[in-house]
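Offset between the sequence shown (1-based) and this note's numbering: plus 657. Glycine included, every Cβ here is placed at the ideal spot set by N, Cα and C. Only one structure is covered here, and it is reproduced in the block below.
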Amino acid sequence: LLIQPVKIGFAAYYEELGRVGLVEECAPKGYKQVSISGRELREKLRAGVLPDTRVMRPETARILIERMHGGKGGGS
């Protein structure tokens with residue numbers, strides 16, 4: 658197999674950049690981060706609550722919420 662692992666670090670939302678970025682790339686530059694907790698994200702989605710738009714697009718969250726509750730998801 659010609660599979661090569663891709664190392665992806667921790668992500669956070671950066672107000673100054675207006676987007677999500679990898680901590681290893683953005684933190685050393687002094688950008689202030691809004692941490693993204695996977696556990697908290699999953700809890701919100703299971704409860705049917707849309708997460709902060711700074712960490713997940715509403716369209717994506719709706720699909721995940723639907724899938725977590727047994728729906729097919731993925732369509733409009």
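Whole angstroms are fine: how far does the CA of residue j sit from the CA of residue i?
i      : j      : result
Lys701 : Glu716 : 15 Å
Glu682 : Tyr688 : 10 Å
Val663 : Ala704 : 32 Å
Ala669 : Leu721 : 20 Å
Tyr671 : Glu697 : 18 Å
Phe667 : Ile693 : 9 Å
Gly727 : Ala684 : 38 Å
Counting along the chain, where does the alpha helix (DSSP H) carrying residue i start and finish?
i      : result
Ala718 : Pro715 to Met725
Indicate the three-state DSSP secondary structure (helix, strand or coil) for residue i in the structure shown.
i      : result
Arg711 : coil
Leu702 : helix
Could you tell me which whole beta strand (DSSP E) segments of length 3 or greater appear in the segment 662-699? Those beta strand (DSSP E) runs which fall completely within the segment 662-699 and span 3+ residues are 668-671, 676-679 and 690-692.
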